[in-house]
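Here is the structure we will look at, set down as structure tokens.
Numbering (the numbering used here), first residue to last: 6 to 421.
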């Protein structure tokens with residue numbers, strides 16, 4: 006039959022199992038820790054930018070991006086539908102006022118101008134002929150008036166004589182009435198001729214004004230056509246640099262099509278864009294800081310587009326004159342438009358990590374300076390140097406402010 010195991014042996018076996026289990030657990034924990042230590046990703050200190058959390062003043066700004074463009078550009082378009090015959094300049098040439106750029110085929114335009122000129126001369130001949138005709142007609146009527154006036158004067162004298170004879174008893178009443186009728190008829194005829202002369206003069210003047218208006222219309226058309234021909238001999242309207250020219254000889258161009266662009270490359274501005282949610286913070290005249298390449302420049306907002314497109318508002322920044330020599334057209338730039346000042350705020354250096362107010366997962370340096378741990382930090386406004394820390398960091402701490410996108414899957418990094 007089975008022998009009963011003593012209690013002290015049972016307790017000894019139980020203690021042995023507990024010790025063995027505890028040893029296994031400790032070994033497992035140590036193994037996991039060692040494995041984690043061995044597999045933690047490392048990053049070299051000199052390959053990242055570490056900024057210190059400080060307290061100070063931030064002159065807040067609106068971040069935007071833009072492009073350096075000439076402060077002045079003029080697009081030269083074709084005044085007529087034609088084709089390019091010759092090109093005299095190349096892109097990049099410095100040109101003076103009046104420099105020929107290219108030549109268009111003007112044959113059809115010149116033919117049209119000659120046609121207009123011939124029509125205007127024909128209208129002038131018609132006007133001269135009508136003037137002569139009207140002058141002759143008016144002269145005839147004036148002569149008829151003179152003759153009729155003489156006849157009326159004669160009848161007036163005759164009527165006076167007949168009345169005198171009748172008063173002496175030598176005349177007759179019938180004769181008086183006959184002469185009186187002839188006199189009155191002559192007066193009416195004279196009045197009719199005078200009205201006719203006045204009407205002929207007004208008609209002649211109206212016809213003349215019509216002809217003169219037609220001639221004026223043709224003359225204006227000729228002046229406009231001459232200006233078009235002058236424009237078609239494409240010349241530089243001012244001293245500048247040629248930044249574009251259609252150099253395809255023989256190519257047809259429509260009226261209004263772009264032929265060339267001239268730019269003033271000694272003065273620049275920034276064509277910037279920012280989300281329209283910040284539109285109320287952008288004001289004309291506001292100070293702006295521009296970072297273009299390694300250059301840090303100053304400028305002022307000179308104009309704002311009234312409407313947003315695709316959620317973005319566009320504005321122009323004029324750059325201070327002394328900084329112009331360091332810029333090139335087409336250079337990308339970051340623009341910071343100043344709009345407010347905040348005192349005694351917790352701040353960290355600005356960097357590529359910042360995209361606007363909100364929560365960020367940034368790497369913070371440990372107290373011993375040997376590792377980095379990712380932490381949720383809430384950031385506020387910024388300027389081109391600093392970003393406001395709303396929550397998550399204390400003055401004196403250090404945080405990575407360079408681009409850490411390649412470590413986005415890691416929460417802890419070993420600092421080498």
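Positions of the beta carbon are idealized from the N, C-alpha and C atoms, including for glycine.
Note that the structure is predicted; figures quoted are calculated from it, not measured.
Asked, Found
"Per DSSP, which one or two residues make a beta bridge with residue 243?", "Residue 243 is not bridged to any residue."
"Taking only three categories from DSSP, how would you classify residue 37?", "No answer about residue 37 holds up, because its pLDDT of 47 lies below 50 and its placement is not dependable."
"Hey, residue 369 and residue 66: beta-carbon distance below 7 Å or not?", "no"
"Report the partner residues of residue 273 according to the DSSP bridge assignment.", "75"
"Quick check on residue 355: does DSSP put it in helix, strand or coil?", "coil"
"Below 8 Å on the Cβ atoms is my contact criterion, and I expect residue 147 with residue 193 to pass it. Report the Cβ-Cβ distance as a whole number of Å.", "Going by Cβ atoms, the distance from residue 147 to residue 193 rounds to 18 Å, so no, they are not a contact pair."
"Whole-angstrom Cβ separation of residue 250 and residue 94, contact assumed at under 8 Å?", "6 Å"
"With C-beta atoms as the reference, is residue 157 less than 7 Å away from residue 195?", "yes"
"Under the three-state reduction of DSSP, which class applies to residue 349: helix, strand or coil?", "strand"
"Is residue 314 helix, strand or coil when you go by DSSP?", "strand"
"Mind reading off the beta-carbon distance from residue 324 to residue 304? Whole number of angstroms is fine, and I expect it under 8 Å.", "4 Å"
"Considering residue 123, what are the terminal residues of the alpha helix (DSSP H) in which it resides?", "112-173"
"I want to know whether the segment 229-237 touches the segment 57-77 - three or more CB-CB distances under 8 Å.", "no"
"Please state if the CB of residue 383 and the CB of residue 395 are separated by a distance shorter than 7 Å.", "yes"
"Kindly indicate which three-state DSSP category residue 191 falls into: helix, strand or coil?", "helix"
"Let's test the definition: count the other Cβ atoms within 10 Å of the Cβ of residue 352 and tell me whether it reaches 16, buried, or not, exposed.", "buried"
"What three-state label does DSSP hand residue 369 in the structure shown?", "strand"
"Quick test of your reading: residue 357 and residue 58, contact by CB under 8 Å. State the CB separation rounded to the nearest angstrom.", "About 18 Å; that fails the 8 Å criterion."
"Identify the continuous beta strand (DSSP E) that holds residue 53 and give its terminal residues.", "Run containing residue 53: none; DSSP gives neither H nor E here."
"With 16 other CB atoms within 10 Å as the buried threshold, where does residue 160 fall?", "buried"
"Exposed or buried, which one is residue 321 when buried takes at least 16 other CB atoms within 10 Å?", "buried"
"In terms of alpha-carbon separation, which member of 149, 187, 284, 262 lies closest to residue 199?", "149"
"Contact between the segment 73-84 and the segment 264-274: three or more CB pairs below 8 Å?", "yes"
"With residue 106 as the anchor, note down where its beta strand (DSSP E) starts and where it stops.", "From DSSP, residue 106 is part of no beta strand (DSSP E); its letter is neither H nor E."
"Does the distance from the CB of residue 167 to the CB of residue 180 come in under 7 Å?", "yes"
"Going by beta carbon distance, what residues of the same chain come within less than 7 Å of residue 131, once the five residues before and after it are set aside?", "216"
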